[in-house]
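In this note's numbering, the protein residues as written are 42 to 404.
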């Protein structure tokens with residue numbers, strides 16, 4: 042029996058994606074945007090894992106206010122039990138723990154792949170091969186993450202420093218052997234990121250994790266005991282008692298799986314990978330996927346005259362630029378935003394300013 046015979050997928054779809062303002066807003070977050078095709082990033086994530094995981098083993102974790110929008114997309118076909126609703130946002134650790142508890146009840150040998158729903162992957166076939174290898178290691182009780190070979194000095198990503206190969210050289214694809222994780226590293230400044238690019242021991246942290254459901258719940262119990270208690274209590278609440286469910290979620294700590302578990306757990310593994318990945322964290326990230334001769338990324342009806350190395354996104358109407366370089370221009374039916382490509386990490390400042398000026402309806 043292969044490890045993938047018990048593989049499940051949990052797509053994390055509760056984030057706001059504020060750095061993709063003005064296209065991404067609270068009621069229309071990044072995972073519901075169509076940036077690379079006629080499908081949303083969430084739909085692309087679903088399609089990416091579907092060849093390996095059947096529909097009845099794919100779960101989506103999202104907040105209640107986005108659930109209705111999910112059901113108007115292709116996800117209307119998903120069973121209700123495969124949509125994990127957070128009454129209030131509590132970051133990633135609670136929803137992953139709840140999903141693990143739910144899936145473990147269904148399958149005692151379940152292996153779970155946690156996938157952010159707003160990432161881009163260019164080489165889907167290689168991605169699936171790496172996921173198969175990760176499931177193999179996870180089946181043995183290890184928590185595995187996917188690390189990407191850095192190609193630029195990214196300051197918007199976390200990093201992983203890895204050590205030696207681990208054993209098990211015969212029963213796994215030799216291209217994707219796992220290494221021991223020595224440390225998770227915070228987002229660096231540019232000079233530090235440059236040094237990571239030259240040091241072959243560092244990888245981008247993809248935020249993609251694979252583990253046995255029971256292994257994760259053991260780690261949650263050890264490192265986040267209050268969360269473990271809440272998850273156990275939630276299991277005993279009547280699914281129709283929305284008030285009790287919300288109260289239980291309110292009692293859960295708001296913490297990411299990275300800080301709550303991954304940085305504390307022992308024996309974690311990383312598989313060094315390369316499959317054309319981006320977390321599409323900011324508008325500038327689209328610049329890595331130029332689609333014209335001047336290294337611009339364009340979307341919509343755009344005319345770029347003497348314009349280079351820019352991101353030009355037109356949601357409606359016509360966008361024309363002249364003599365521009367290294368800029369992001371985003372035009373929607375309500376807002377136009379212009380900023381240098383090297384300052385797209387600061388877009389959240391715009392949202393803060395809008396709220397300060399009582400223009401929250403634009404955020």
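Backbone N, C-alpha and C define an ideal beta-carbon position, used for all residues, glycine too. Quantities reported herein were computed from a predicted structural model and do not represent experimental measurements.
Return the Cβ separation of residue i and residue j in integer angstroms, given the expectation that the two are a contact with Cβ distance under 8 Å.
| i | j | result |
| --- | --- | --- |
| residue 238 | residue 311 | Not a contact, Cβ separation roughly 17 Å. |
| residue 197 | residue 386 | 6 Å |
| residue 249 | residue 187 | 4 Å |
| residue 173 | residue 86 | Contact doesn't hold; Cβ gap of about 17 Å is too wide. |
| residue 98 | residue 50 | 7 Å |
| residue 256 | residue 182 | 5 Å |
| residue 59 | residue 389 | 5 Å |
| residue 302 | residue 265 | 7 Å |
| residue 371 | residue 378 | 5 Å |
| residue 111 | residue 124 | 7 Å |
In terms of residue numbering, what span does the alpha helix (DSSP H) encompassing residue i cover?
| i | result |
| --- | --- |
| residue 168 | 165-179 |
| residue 193 | That residue, residue 193, is in no alpha helix (DSSP H); it is neither H nor E in DSSP. |
| residue 238 | 231-239 |
| residue 82 | 82-90 |
| residue 393 | 388-397 |
| residue 133 | 133-147 |
| residue 286 | 283-291 |
Return yes when the Cβ of residue j is within less than 8 Å of the Cβ of residue i, no when it is not.
| i | j | result |
| --- | --- | --- |
| residue 100 | residue 54 | no |
| residue 291 | residue 129 | yes |
| residue 93 | residue 48 | yes |
| residue 354 | residue 64 | yes |
| residue 336 | residue 325 | no |
| residue 328 | residue 352 | yes |
| residue 253 | residue 152 | yes |
| residue 102 | residue 68 | no |
| residue 391 | residue 309 | no |
| residue 369 | residue 348 | no |
| residue 268 | residue 142 | no |
| residue 178 | residue 224 | no |
| residue 165 | residue 89 | yes |
| residue 119 | residue 70 | no |
| residue 306 | residue 184 | yes |
| residue 162 | residue 199 | no |
Opposite residue i in the DSSP bridges: which residues?
| i | result |
| --- | --- |
| residue 188 | 246, 313 |
| residue 49 | 153 |
| residue 362 | 345 |
| residue 352 | 338, 369 |
| residue 160 | In the DSSP output, where bridge partners are listed per residue, residue 160 has none listed. |
| residue 64 | According to DSSP, which records beta bridges pairwise, residue 64 is partnered with nothing at all. |
| residue 99 | 50 |
| residue 78 | DSSP output for residue 78 lists no bridge partner at all. |
| residue 318 | 162 |
| residue 104 | 127 |
Using a beta-carbon distance below 8 Å, is residue i in contact with chain D?
| i | result |
| --- | --- |
| residue 218 | As a matter of chain content, chain D is missing from the structure shown, which is built from one protein chain. |
What does a CB cutoff of less than 6 Å around residue i pick up in its chain, not counting 5 residues either side in sequence?
| i | result |
| --- | --- |
| residue 359 | 342 |
| residue 320 | 160 |
| residue 190 | 315 |
| residue 75 | 81 |
| residue 157 | 53, 248 |
| residue 217 | 171, 174, 312 |
| residue 330 | 338 |
Enumerate in chain order the residues of its own chain whose CB-to-CB distance from residue i is below 8 Å, with the five nearest sequence positions on each side excluded.
| i | result |
| --- | --- |
| residue 297 | 132, 133, 134 |
| residue 295 | 130, 131, 132, 135 |
| residue 195 | 234, 245 |
| residue 285 | 278, 279 |
| residue 154 | 48, 49, 50, 51, 90, 94, 172, 175, 176, 249, 250, 251 |
| residue 289 | 271, 274, 275, 278 |
| residue 205 | 220, 221 |
Starting from residue i, trace the beta strand (DSSP E) in both directions and tell me its first and last residue.
| i | result |
| --- | --- |
| residue 378 | 377-381 |
| residue 255 | Careful: residue 255 lies outside any beta strand (DSSP E), inside the alpha helix (DSSP H) at 254-264. |
| residue 372 | 368-372 |
| residue 221 | 220-226 |
| residue 126 | 124-127 |
| residue 278 | Run containing residue 278: none; DSSP gives neither H nor E here. |
| residue 204 | 200-206 |
Quick one: residues in its chain with C-beta nearer than 7 Å to the C-beta of residue i, no 5 flanking neighbours on either side, listed in chain order?
| i | result |
| --- | --- |
| residue 242 | 202, 203 |
| residue 339 | 332, 333, 345, 353 |
| residue 228 | 196, 197, 198, 199 |
| residue 263 | none |
| residue 230 | 196 |
| residue 293 | 131, 135, 268, 271 |
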